[in-house]
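Residue numbers (the working numbering), protein chains in the order written: chain A, 1 to 254; chain B, 255 to 640.
Written out as structure tokens, the structure reads:
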């Protein structure tokens with residue numbers, strides 16, 4: 001059998017929330033070592049796609065497949081998907097009263113002492129130490145939430161990481177820190193910075209792309225991936241002509 | 255260990271060490287509620303097994319822990335100044351019945367002026383036989399500038415299904431004295447429990463009450479009365495309760511802030527997996543004071559019958575009384591559970607962590623004793639989920 005070099009493969013995925021179709025026959029492939037950007041207007045289904053890949057119960061897969069490194073994970077629950085190597089940094093993660101960020105980090109790093117030290121150092125470098133013993137996601141600013149989410153992913157070291165708008169609600173200074181954390185997550189080998197882990201980043205503004213290289217970009221509309229191509233060109237087109245231009249593309253079947 | 259003797263009539267000598275009268279199922283039951291039967295981690299121990307007091311002599315300076323009957327014989331002033339002085343005999347049917355008892359069972363803990371008892375002192379009210387009525391009367395005196403940590407365990411043997419437990423507790427905390435009373439309850443499913451408690455706190459004194467109920471009785475109604483009578487006295491109440499199907503738990507707590515600069519905090523935390531849970535509390539501001547009452551409940555798969563009713567109350571008679579209350583009832587939101595699952599936790603692990611977080615949220619300085627009990631509640635509550 002041919003070795004599968006794709007970290008993520010999504011085939012004809014249809015996702016519903018209740019009676020409402022949120023994703024329609026969506027296809028997406030992310031090869032090993034590539035990080036992709038995901039653009040799209042509000043309501044096009046970007047967040048739904050990420051949440052469905054992670055397996056959140058609100059998002060029901062009606063048909064299609066999700067493969068992680070060739071393994072069909074469509075039927076697995078969230079815990080199993082996380083343990084197989086998927087990680088997510090949500091845009092608006094829920095606050096959980098009484099549960100501390102440190103407790104989650106401790107859980108994630110329980111089996112790996114080396115990782116405990118690494119996470120401790122990252123927390124210090126990212127000025128996150130004071131949040132460790134506070135309620136997770138409670139009363140945090142946008143930038144603080146981004147950092148807290150990324151810190152957890154850094155502790156988990158997923159094979160495939162997803163981030164929902166890591167640049168929204170973040171000021172320029174904080175964005176630099178967020179960018180560094182994202183790069184650390186994807187390139188954990190400082191000797192070979194080009195040897196990267198795979199990932200998917202949702203961004204509206206593209207601001208994060210000033211700090212993080214992406215290999216490809218996709219544009220979502222109307223519950224599908226409409227366009228795939230060079231990230232700089234796509235971002236350029238969107239900023240000049242808006243999403244209408246891309247819609248054109250989709251309608252012409254280019 | 256010294257030779258042991260049983261004194262079924264309650265007139266046991268405190269000089270006798272009778273702990274090895276207890277069999278392993280007894281010690282297991284007692285350990286469940288934080289009462290240790292070996293080791294040196296306690297300043298004093300008194301266990302009432304059904305009607306038989308078992309007392310370990312304590313050599314802690316300034317502390318005296320005795321069966322109440324022995325103490326009443328030994329100290330005339332006890333009856334004159336303290337016995338039935340913080341709880342009136344005619345409060346209700348329960349107190350009337352307690353007052354009419356021929357034999358008096360219970361414990362007496364007395365810390366003399368200025369003595370600071372470093373290790374916790376423990377008392378157990380233990381029902382080892384099925385279907386008995388245990389009536390007890392306890393008195394705790396912490397004199398001026400003294401300190402005592404008291405661990406009170408109320409528990410039934412694993413084979414005890416039903417019974418009735420009535421308890422009057424009177425506590426007197428002197429000037430600048432401090433009493434921390436941690437009560438852990440673990441009852442058989444058809445046991446009825448009526449505690450009646452009264453506490454006086456003098457100027458600068460401090461009373462902390464922690465009540466933890468692991469396995470609830472069929473019925474528990476408790477409404478401890480606390481009077482802060484001296485300037486700067488304070489009281490802090492915390493109850494952590496697990497309610498299950500078929501149980502009726504009514505936890506109150508009235509705190510009278512009668513002197514200037516008194517403070518009171520009353521917090522109820524309940525996890526309801528069935529049955530009725532009433533969370534109450536009334537703070538009465540009669541002077542320049544500061545007080546807050548907070549009831550928080552978590553409903554887990556309660557079915558149609560289960561509920562939580564929260565009624566935090568504040569009443570001010572003085573313009574400088576600063577008082578506040580809050581109450582909330584919620585459930586574990588699926589998106590919270592799934593968030594933790596997305597970090598690799600099993601659903602049950604996530605639920606346990608959240609219940610633990612809920613019970614301990616916003617409560618500082620839980621000792622390890624409480625941490626352990628809360629971990630148990632978390633474990634027990636988690637069984638109903640997932």
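Virtual Cβ for every residue (Gly too), placed ideally from N, Cα, C. In this text, all values refer to a predicted model and were calculated from it rather than measured experimentally.
Sheet register partners of residue 31 of chain A (DSSP bridge)
A:6
Residue 212 of chain A, enclosing beta strand (DSSP E) - first and last residue:
Segment: none, residue 212 of chain A is in no beta strand (DSSP E) and carries neither H nor E.
By the three-class DSSP mapping on this structure, what secondary structure does residue 415 of chain B have?
In this structure, residue 415 of chain B counts as coil in the three-state DSSP scheme.
Which residue spans inside the stretch 560-606 of chain B form an unbroken beta strand (DSSP E) run of at least 3?
The qualifying runs are 561-564, 567-570 and 575-584.
Option in A:201, A:213 and A:206 with minimal Cα separation from residue 193 of chain A
A:213
Kindly indicate if chain B contains any beta-carbon less than 7 angstroms away from that of residue 93 of chain A.
Residue 93 of chain A belongs to the set of residues whose beta carbon lies under 7 angstroms from a beta carbon in chain B.
Please compile the residues from chain A whose C-beta is within a distance smaller than 7 angstroms of the C-beta of residue 599 of chain B.
Those within 7 angstroms of residue 599 of chain B in chain A are 79 and 107.
Starting from the beta carbon of residue 589 of chain B, find every residue of chain A whose beta carbon is closer than 7 angstroms, and list them in chain order.
For the C-beta of residue 589 of chain B, the chain A residues within less than 7 angstroms are, from N- to C-terminus, 94.
Would residue 286 of chain B and residue 444 of chain B qualify as a contact pair, given that the criterion is a beta-carbon distance under 7 angstroms?
no
Which chain A residues sit within Cβ distance under 8 angstroms of residue 595 of chain B?
77, 78, 79 and 82
Helix, strand or coil: how does DSSP classify residue 108 of chain A here?
helix
On a CA-only basis, which of A:72, A:32, A:142 and A:117 is nearest residue 5 of chain A? Give me that one, please.
A:32
Helix, strand or coil: how does DSSP classify residue 25 of chain A here?
DSSP places residue 25 of chain A within a strand segment (E or B) once states are collapsed to three.
Closer than 7 angstroms, CB to CB, is residue 519 of chain B near chain A or not?
False, the Cβ-Cβ gap to chain A never drops below 7 angstroms.
Would the beta-carbon of residue 434 of chain B fall within 7 angstroms of that of residue 462 of chain B?
yes
Short of 7 angstroms in beta carbon distance, which residues of its chain neighbour residue 12 of chain A, apart from the five on each side in sequence? Order them along the chain.
25, 27, 63 and 64
Would you kindly work out how many angstroms separate the C-alpha atoms of residue 23 of chain A and residue 52 of chain A, rounded to a whole number?
Here the alpha carbon of residue 23 of chain A sits roughly 9 angstroms from the alpha carbon of residue 52 of chain A.
Measure the alpha-carbon distance for residue 618 of chain B versus residue 81 of chain A and round it to whole angstroms.
Below a pLDDT of 50, predicted positions are generally treated as unreliable, and residue 618 of chain B, at 49, falls in that range; no measurement from the model is reported.
Chain B partners of residue 54 of chain A, CB-CB under 7 angstroms?
596
Report the option in A:66, A:21, A:55 and A:34 whose CA atom is closest to the CA atom of residue 45 of chain A.
A:21
Measuring straight from C-alpha to C-alpha, what distance separates residue 227 of chain B and residue 137 of chain A?
Residue 227 of chain B lies beyond the stretch modelled for chain B, which goes from 255 to 640, so this question has no answer here.
So that I know if they touch, is there some Cβ in chain A lying closer than 7 angstroms to that of residue 619 of chain B?
Caution applies to residue 619 of chain B, whose pLDDT of 48 falls short of 50 and renders its modelled position unreliable; the model cannot decide the point.
On the premise that residue 421 of chain B lies in contact with residue 450 of chain B, defined as a C-beta separation below 8 angstroms, what is that separation, rounded to the nearest angstrom?
7 angstroms
Check whether the Cβ of residue 104 of chain A lies closer than 7 angstroms to any Cβ atom in chain B.
yes
Measuring only the C-alpha atoms, how far is residue 411 of chain B from residue 283 of chain B?
If I take the Cα positions, the gap works out to 6 angstroms.
Grouping DSSP H, G and I as helix and E and B as strand, with all else coil, what is residue 84 of chain A?
helix
Under 8 angstroms, CB to CB, which of the residues in the stretch 145-157 of chain A have a partner in chain B?
152 and 156
Among A:207, A:229, A:224 and A:72, nearest to residue 216 of chain A - alpha-carbon criterion
A:229
Short-range partners of chain A found in the stretch 568-592 of chain B, where Cβ spacing is below 8 angstroms
587, 588, 589, 590 and 592
Please list, in chain order, the residues of the stretch 54-74 of chain A that have any C-beta partner in chain B closer than 7 angstroms.
54, 56 and 57
Work out the CA separation of residue 468 of chain B and residue 630 of chain B for me, nearest whole Å.
Their backbone Cα atoms lie some 7 angstroms apart in a straight line.
Cα-Cα separation between residue 40 of chain A and residue 167 of chain A, rounded to whole angstroms:
15 angstroms
Flag residue 553 of chain B as yes if its beta-carbon sits less than 7 angstroms from any beta-carbon of chain A, otherwise no.
no
Assuming residue 317 of chain B contacts residue 365 of chain B (C-beta within less than 8 angstroms), just tell me the rounded distance between them.
5 angstroms
Can you tell me whether DSSP reads residue 502 of chain B as helix, strand or coil?
strand
Which residue spans inside the stretch 359-410 of chain B form an unbroken beta strand (DSSP E) run of at least 3?
361-365, 375-381, 387-396 and 401-410
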